[in-house]
Structures are given as structure tokens and as C-alpha cells.
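K.L.:
Below is the structure I would like to discuss, written out as C-alpha cells.
There are 2 protein chains.
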Amino acid sequence: MIKNITINWPSIIEFGAGGINKIKDYLKDVKKIFILSDLPIREKIEKLENELKSLGFIVKVSYDVVPEPPIKVLKKLLDPVKEFSPDAIIGIGGGSTMDLAKLTAVLFSGEQKVEDIIGIGKVINRNVKLITVSTTSGTGSEVTPIAVLTDVENKLKKGVVSKYLIPDVAIVDPEMTISLPSHITASTGMDAMTHCIEAYTNRYSHPIIDNIALDGIALIFKNLEKAVKEGDNIDARSAMALGSLYGGLCLGPVNTAAVHAMAYPLGGEFKIPHGVANSVLLPYVMSFNLPKCIEKYSNIAEVIGVERGLSSEDMAKEAILKIKTLSDNCGIPTGLKTLKIPEESIPSMAKSALLVKRLMENNPRVINLDQAKDIFQKAYEEII
Amino acid sequence: MIKNITINWPSIIEFGAGGINKIKDYLKDVKKIFILSDLPIREKIEKLENELKSLGFIVKVSYDVVPEPPIKVLKKLLDPVKEFSPDAIIGIGGGSTMDLAKLTAVLFSGEQKVEDIIGIGKVINRNVKLITVSTTSGTGSEVTPIAVLTDVENKLKKGVVSKYLIPDVAIVDPEMTISLPSHITASTGMDAMTHCIEAYTNRYSHPIIDNIALDGIALIFKNLEKAVKEGDNIDARSAMALGSLYGGLCLGPVNTAAVHAMAYPLGGEFKIPHGVANSVLLPYVMSFNLPKCIEKYSNIAEVIGVERGLSSEDMAKEAILKIKTLSDNCGIPTGLKTLKIPEESIPSMAKSALLVKRLMENNPRVINLDQAKDIFQKAYEEII
């Protein structure tokens, strides 16, 4: 019997080039709009702002976003938004921007504080329309019930998971990613790859999601390097946007696992960008998981072009190597040593990672403290 | 570049055995519930009704549903529902029941009449929560923006397509299908198969939907005969429920094509059940479409177990034969003659079918009047 699953996605997903121009179609019952976005795309946002104003909307824009956003950055946003009192909040940017927009949407009324909602299912409601527009192909945040903050004092990443964080409308417009610098294209792309692989091989995997995840893996594998090296190649950007959307669709119903849990301390303690941290750890966690994932890795091997005819185990091993090579070819640092992570921090990072239970428990193979240390050590020395 | 698409699905889809028990989780902001359902499952509905009443809800249940519902059956529902004035409408049943529930939800307030909303995008709003629970594995109506009525006077089927018909919550609970008689299991299952095939080979097909459609074809092909012959086999029922859900997910973003358009007069004029009409016509329309669908049919062949090694064209032809054999093995009548459709009605049916432009234009190969007659003729004489 096929097991139970709750699928919880935005009721509208607009995919395709120029999709941002449809945003006004989804604002019919709205008067005041708060837009949160990233400075590098200010020009595009000002164009949108002017268009919306000319249509009679009252629009306020903020660019107060920092990557891997600390809790205090979110807190600073809330009062001005409460004062403005929007009917719709639109987050246009990468994962950090969309996460902040999502959190602002559920918090600005003041009924709950940030501290109240950290964890799973703690948000009590949302009384504002929420629209996301992704400008990187990686995070998938445009369609997920998840937002992540950095607890700077405790050097930890903290996740909020709630159905109220799922946007009403998600717009995935590959043209918005054209200007993205190559190193961000690379790391966000490998983040999307990690979403698909960790959902596909998840302890709680499900056929509905497997289908999407495997297609995402194939799309990202075939297009990431091209998108990194030819930033204005709209075909590659479009395929990456779809692959990343697939990764996002996996996250609510199934979510990620040990790679993401182990990437948290790299971000929280050493400010390694989320995509880089995932990409570096991915092959080593895959190697550890291999005994539990031979069939699924060999399916991955098949869709990423490993030649048929090898044994399943050899196919599986080839898949891991190919994923690592993709990351290398995209110019992402290949190990923790290269990232200048001190070797002596491995035990504390391993401890922190095990605390991210909501993700660790999704991993196809149980990881104890020594094993977590060992995975970090291998990622440090680059021993596959 | 991957082309644009708008994905518009229920924001919550509950899949799995016992899913109906979660219905109360989605009624938190609701007091008065109108349930529309089918008499054969009255016992289950009464249990649900009592449970909801014991939780403090005010519940009214109607079983005023007939298959392939005439417009007047819908009209009769509206006044009592307006008087009751529910906050939520729940349709629990097959396609006819869910379609009537969806239409009641957008019409009972009286702002628009049935005649105003026939066609695409004509509904102006919906002010009531809408939940669907499918009890057949076929229609996919639980997740679609579509509802179909019979115009008895003019002997036509008429479709309403609107985003407001998309339920807020769709529940797909395979246990609800266990008691379904085998002939309905067969015809509804072939309906779901038709949804997947017509979406996959659609003129407006899209990679996001292809992925889902092809998986649906494989699931239905592998499980339909078992579900028909062993009605209480929960594994087969569960796989069919998922395959049917996949078919439904294809319908909003891409929709069906000539098989459905040509099935309309069979339903409208001769009261042939929708699934039977689709199943009978499917292989003949596939044969006609073959020149435009060799690659896609050969992909279908691969997932339904045609042995590799044949040419693409031969694989494609094998796929058509296997689909026809499946329908035969499930006991569905194999041609129009067997269905006692008079041969002399072929010209008028062909004319009617061409009038269903919203579906005909989706077909991968353009069909003119003579070709439509020819397809009906072949379906009459059973010449593949």
C-alpha cells in the first residue's frame, strides 16, 4: 500500500520567463503592498514598484536583507511593516529574502514573537496575502513551509516550519536569474541538487515526491555547469529554475536530511553560504548513506548518464563521484580545509548537527556522534 | 527554453488510507457544513455526519446526485443550500458528486446563474470553503478547476472551467474506493488513464505535467486489472488512487484532448458513462494521433512493459494495443457497435465533437470532420 502523505504547496505556481509580469493578476483584492527585495536587483524592483503604483496600489519597498539572516534583521523589519499595515507581502529575491518575507508575513501583526514560532507547527495564523518570486535557482523557498534564521549569539541556524509560511502564489521566472553571479549560481544550484537528493533518498520518501525529485536531479545535473559558465543562457537558466522548483516542491512534504543538518553549523558558526556548505558535505554524506541507498543512487546514476551495465553498487558509487565532479566543475570549494574550517571544530560541529533532530531523523541511515565526526573529517581531508 | 505554465492545484492534498479522518483538521474556521454525497456510501457518510455533529458542527447532508448530472439537478440543489448558508461544502463521491459540489459552491449565493458560468474563466468568485473527497479512482475532479454538466435538451455535455472550482482541500483516500463495483472501477480507471495519456501527448504538454502523467500511466496500467478483479486489494486500490490523482493534477494545467471531446456526444446523446466512452475511443484516437506521437507513445510503451529493442514506431503501436487490451481485460465494451450506438449517428456525433473546441484544440493532431467520422467509424467496427 502506498503510504500517506500531506501535500501542501502554494495553490498557484507561475513558471516561466516573464512570469513576474503576472504578479498584478494576483493582487486584485489588495491595496497596500510591502515588497522585500535584494539591492542588486533594485532596478527591476523599481520598475515593478512604479508599475504597481501607476495601477493605484500603495507600495512600500525595503532592501533590508542580509544573507543567512540573523534574528535581529527580521525583528528590525517588523515595526515598520506593522505601521504600514499591508494587505500583501511580496518577497522577491533569494532564499534569505523570501524567508524574511514569509516570516514578516506571519509576525508583523505582533500576535506572536520570533521566539514563539521557532520549530514545527508553532505559527498560529497569517492575515496577509503572501507572494514569493525567486531570483536564484536553489533555495526552493518560494514554495516551502520553511524559513531559516541565524541565531548569532548561539552560532546556530534555526528553522521555522509552518503551513502558514507557504505562499499563496509562487512565481518562478528564469529571466530574474540571468544576472546572478556565477559563484551564486553554482552554490544555489548545488543547494537545489541537495534538496532533490535528500528528498529522494529520505527515510520518509514517497512516490509522489520521488518522481519530482529524480526529475530535478536530472535537470540540475544536465544544466548547472552551463548556467554557471554561460550566465545569460536562458535555456540553462530555465532548466535550473525548474529543477530548483522541483527541489522546493520536495521540501514541504518530505524535506531534507543529514546534509542540511550538518551544513547548519558551517553556516551558523563559520558563515559559509548555505549552498556551499551543502555542496561540500553532499558527497561525503552520500558515501556514508550508500549501504542504505544502493538502489536509489543507481537510479540517480541512470538519470545523470552513468553508463548502464555496471552493478547497482558500482552505479551508485559512480553517481556520488559524478555529483562531486559537478560541484568541482562549478568552482565550489571541495572540502572543509579549503574553506578554512579549523579541524579542531569538527567535534563541536558534529554535536551541533546531531541537535538538528528534525532533519537528522530524515536521514536514510542513522548517524551517531562518532560517525558525524568521521563524515566531517572525510569532508575536511576530501576522502570519498 | 522551458515554456510557461500556470500550475493551479488545491493547496492541500491528503493522500492515503484513512485520509477522510483528517477532514476535521481542515474545518477549524467553519461552523455550518453542507455535504453532498452518493447513496451507496450512505453508511460511511452518516458516521462522518455524526462525528462532525458531536464536535459541534451544524451539518446538512444531501444525496441528490445523479451520474452525468443534468443542469436541472444542479439547479434543484441551489435553493436549499442557500437557505442553509454553509461555511463549507464537502463533495464526497465520484466525479458527478464532486462536480456538483464544486458548482454548488460557486453558485448557491445566487450572484451568478448556471448559464453565466459555462465555458472558461466565467465564475467571478467563491465565498465558501470547498473540500472534495474522491470515492472512485478516475475523474481526478478532486483537484481540478473543471466541472461537467449534461444539457439534456440539447443532448450536450457542457464544461465549466474556473480557478474558483479548485477545492481548498482534496482528500484521496483509497479505502473509500474498496466497495466500488468492478465495472465502475474499470471505467473510472480507464478515464484516469485517458487523462494521463491525453495530457502527456497534448499539444500544450509541459515537462512538469509529462513527468506526472507518465508516472500515472505506469501506475494505472500495472494496477487497474487487479483493482477490477480484486476489489478489496488495498495495494491495487491505493496505486489506482494515486494514478487517478496524477491524472487529475494534469487536467488543470494541461487538460485532455480529442478523446474527451469525442466522448461528450456519447455521454450527452446516448448516456454512455464518461469512463466507458473514453475507454472505447482511446485506442482509435491514439491510432489517429500516432504520426505526431511516436516518441511519446514509445515512452509510454517503455513504462507499460513493452519489450525494448523494437523501433520507436513499433513500440508506439504496441503501446496502443496494450492499452486496448487492458480495457478489454477489464470488461469494458470494446466498440461503439457493442455499445449499441446506431451507426447512422456517427456524422452528428462527429459534428458535436468538433464543437468542443476547448478540448479539440489540445489534440496533438488536428482533426477535421471527415477524420472525426472516420475515427468513430473505426471505433464502431473495432478496426485499430
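So the protein lines, in turn, are chains V and C. With this note's numbering as the guide, the letters of the first sequence map in order to residues 1 to 384. With this note's numbering as the guide, the letters of the second sequence map in order to residues 1001 to 1384. Idealized CB from N, CA, C, for every residue including glycine.
(1) Could you check whether the Cβ of P207(V) sits closer than 8 Å to any Cβ belonging to chain C?
(2) Please look up how many angstroms separate the CB atoms of M193(V) and I217(V), rounded, as I've assumed it's under 8 Å.
(3) Which residues, in chain order, does the stretch 226–242 of chain V contribute to contact with chain C at a C-beta distance below 7 Å?
(4) Report yes or no: is there a C-beta of chain V within less than 8 Å of the C-beta of D1215(C)?
(5) Across which residues does DSSP place L130(V) in a beta bridge pair?
(6) If you draw a straight line from the alpha carbon of G267(V) to that of E307(V), how long is it in whole angstroms?
(7) Taking CB distances under 8 Å as the criterion, tell me whether I1058(C) reaches chain V.
(8) Please confirm if A105(V) has its CB atom under 8 Å from at least one CB of chain C.
(9) State yes or no: is the beta carbon of S1085(C) nearer than 8 Å to at least one beta carbon in chain A?
(10) Determine whether the beta carbon atoms of A257(V) and N368(V) lie at a separation below 8 Å.
(11) Nearest to Y1200(C) by CA position, among E1175(C), C1250(C), G1243(C) and D1191(C), is which residue?
(12) Taking 8 Å as the CB-CB limit, is K271(V) close to chain C?
(13) Between the Cα of N154(V) and the Cα atoms of I117(V), E83(V), F270(V) and T334(V), which residue gives the shortest distance?
(14) What in chain C is Cβ-close to I13(V), meaning under 7 Å?
(15) Among S345(V), V172(V) and L359(V), whose alpha-carbon lies nearest the alpha-carbon of F15(V)?
(16) Is it buried or exposed for L242(V), if we count other Cβ within 10 angstroms and need 16 for buried?
(17) Cβ atoms of D210(V) and N1211(C): under 8 Å apart, would you say?
(18) Specify, as a first and last residue, the run of the alpha helix (DSSP H) that S1238(C) falls within.
(19) What does DSSP give as the partner residue(s) for L36(V) in the beta ladder?
(20) G1019(C) touches chain V at which residues, Cβ-Cβ below 7 Å?
(21) With N1004(C) and G56(V) assumed to form a contact (beta carbons below 8 Å), what rounded beta-carbon distance in angstroms separates them?
(22) Give the DSSP-derived three-state secondary structure of D1168(C) in the structure shown.
(23) Give the single residue among I71(V), V143(V) and M98(V) whose Cα lies nearest to the Cα of I35(V).
(24) Based on the DSSP output, what are the partners of L1149(C) in its beta bridges?
(25) Given that G1016(C) touches chain V, what residues does it touch there, using C-beta distances under 8 Å?
(26) Please report how far the alpha carbon of A1017(C) lies from the alpha carbon of Y1380(C), in whole angstroms.
(27) Extract the residue ranges of the alpha helix (DSSP H) inside the stretch 330–359 of chain V, only unbroken runs of 4 or more that lie entirely within it.
(28) Do I1092(C) and V1148(C) count as a contact pair if the criterion is CB distance below 8 Å?
(29) Show which residues of chain V have a CB atom less than 8 Å away from the CB atom of N1211(C).
(30) At 8 Å on the CB atoms, spell out the chain V contacts of I1166(C), in chain order.
(31) Exposed or buried, which one is S141(V) when buried takes at least 16 other CB atoms within 10 Å?
(32) Could you check whether Y1164(C) and R1203(C) sit closer than 8 Å to each other, using their CB atoms as the reference points?
(33) Beta strand (DSSP E) containing I294(V): first to last residue?
(34) Among the candidates I1023(C), V1280(C), T1006(C) and N1008(C), whose CA atom is the shortest distance from the CA of T6(V)?
(35) Use the C-beta contact count for V81(V): other C-beta atoms within 10 angstroms, 16 or more gives buried, fewer gives exposed.
(36) Short of 8 Å in beta carbon distance, which residues of its chain neighbour I1058(C), apart from the five on each side in sequence? Order them along the chain.
P.N.:
Straight from the coordinates:
(1) Within the first sequence, residue 207(V) is the residue found at index 207, counting from 1. It does; some Cβ of chain C falls within 8 Å.
(2) Along the first sequence, one-based indexing puts residue 193(V) at 193. Along the first sequence, one-based indexing puts residue 217(V) at 217. Between I217(V) and M193(V) the Cβ distance is about 7 Å, and since that is below 8 Å, they are a contact.
(3) I234, D235, S238, A239 and L242
(4) As a position in the second sequence, residue 1215(C) is number 215, starting the count at 1. For D1215(C), the answer is yes, since a Cβ of chain V falls inside 8 Å of its Cβ.
(5) One-based indexing of the first sequence puts residue 130(V) at position 130. Partner(s): I89(V).
(6) Stepping through the first sequence from its first residue, residue 267(V) is reached at position 267. Stepping through the first sequence from its first residue, residue 307(V) is reached at position 307. About 36 Å.
(7) Taking the second sequence and counting its residues from 1, one reaches residue 1058(C) at position 58. Chain V contact via Cβ: absent.
(8) Within the first sequence, residue 105(V) is the residue found at index 105, counting from 1. Not one chain C Cβ lies under 8 Å of A105(V).
(9) Judged by its chain identifiers, the structure shown contains no chain A, and its protein chains are V and C.
(10) Against the first sequence, residue 257(V) aligns to sequence position 257. Against the first sequence, residue 368(V) aligns to sequence position 368. The answer is no: Cβ separation not under 8 Å.
(11) Indexing the second sequence from 1 puts residue 1200(C) at position 200. Residue C1250(C) is the option with its Cα nearest to Y1200(C).
(12) As a working mapping, residue 271(V) is identified with position 271 in the first sequence. It does not: the Cβ of K271(V) has no partner Cβ on chain C nearer than 8 Å.
(13) For the purposes of this step, residue 154(V) is taken as residue 154 along the first sequence, with counting starting at 1. Checked all of I117(V), E83(V), F270(V) and T334(V); the closest Cα to N154(V) is F270(V).
(14) Position 13 of the first sequence, counted from the first residue, corresponds to residue 13(V). Here the neighbours are I1007.
(15) In the first sequence, residue 15(V) corresponds to position 15, counting from 1. Ranking the options by Cα distance to F15(V), first place goes to V172(V).
(16) By 1-based counting over the first sequence, the position of residue 242(V) is 242. By the neighbour-count rule (16 or more Cβ atoms within 10 Å), L242(V) is buried.
(17) The sequence position of residue 1211(C) within the second sequence is 211, counting from 1. The sequence position of residue 210(V) within the first sequence is 210, counting from 1. Taking 8 Å as the Cβ cut-off, N1211(C) and D210(V) do not qualify as a contacting pair.
(18) Within the second sequence, residue 1238(C) is the residue found at index 238, counting from 1. I1234 to L1251 is the span of the alpha helix (DSSP H), which, as asked, contains S1238(C).
(19) Taking the first sequence and counting its residues from 1, the one referred to as residue 36(V) is at position 36. S62(V) and G91(V), per the DSSP bridge assignment.
(20) Here residue 1019(C) refers to the residue found at position 19 of the second sequence. N4, listed in chain order.
(21) One-based indexing of the second sequence puts residue 1004(C) at position 4. One-based indexing of the first sequence puts residue 56(V) at position 56. 27 Å between Cβ atoms; not a contact.
(22) As a first step, residue 1168(C) is located in the second sequence; it is residue number 168 there, counting from the start. Here D1168(C) sits in coil by DSSP.
(23) Taking the first sequence and counting its residues from 1, one reaches residue 35(V) at position 35. Among I71(V), V143(V) and M98(V), the Cα nearest to that of I35(V) belongs to M98(V).
(24) Here residue 1149(C) corresponds to residue number 149 of the second sequence, with the count starting at 1. Its beta-bridge partners are K1158(C).
(25) In the second sequence, residue 1016(C) corresponds to position 16, counting from 1. Counting only Cβ-Cβ distances below 8 Å, G1016(C) has contacts in chain V at I2, K3, N4 and I5, in chain order.
(26) To locate residue 1017(C), count along the second sequence from 1; it is residue 17. To locate residue 1380(C), count along the second sequence from 1; it is residue 380. Cα to Cα, the separation comes out at about 40 Å.
(27) 346–355
(28) On the second sequence, position 148 is the one that residue 1148(C) refers to. On the second sequence, position 92 is the one that residue 1092(C) refers to. Not a contact, by the Cβ cut-off of 8 Å.
(29) Taking the second sequence and counting its residues from 1, one reaches residue 1211(C) at position 211. For the C-beta of N1211(C), the chain V residues within less than 8 Å are, from N- to C-terminus, N211, I212 and D215.
(30) Within the second sequence, the letter at position 166 stands for residue 1166(C). Those are S11, listed as they occur along chain V.
(31) Here residue 141(V) refers to the residue found at position 141 of the first sequence. Answer is buried; the Cβ neighbour count reaches 16.
(32) Taking the second sequence and counting its residues from 1, one reaches residue 1203(C) at position 203. Taking the second sequence and counting its residues from 1, one reaches residue 1164(C) at position 164. No, they are not a contact pair.
(33) Taking the first residue of the first sequence as 1, we reach residue 294(V) at position 294. Segment I294 to V303 is the alpha helix (DSSP H) holding I294(V); no beta strand (DSSP E) there.
(34) On the first sequence, residue 6(V) is found 6 positions in, with the first residue counted as 1. When each option's Cα is compared against that of T6(V), the closest is I1023(C).
(35) The count along the first sequence starts at 1 and reaches residue 81(V) at position 81. Classification for V81(V): buried.
(36) As a first step, residue 1058(C) must be located in the second sequence, where it is residue number 58. Answer for I1058(C): K1031, K1032 and I1033, listed in chain order.
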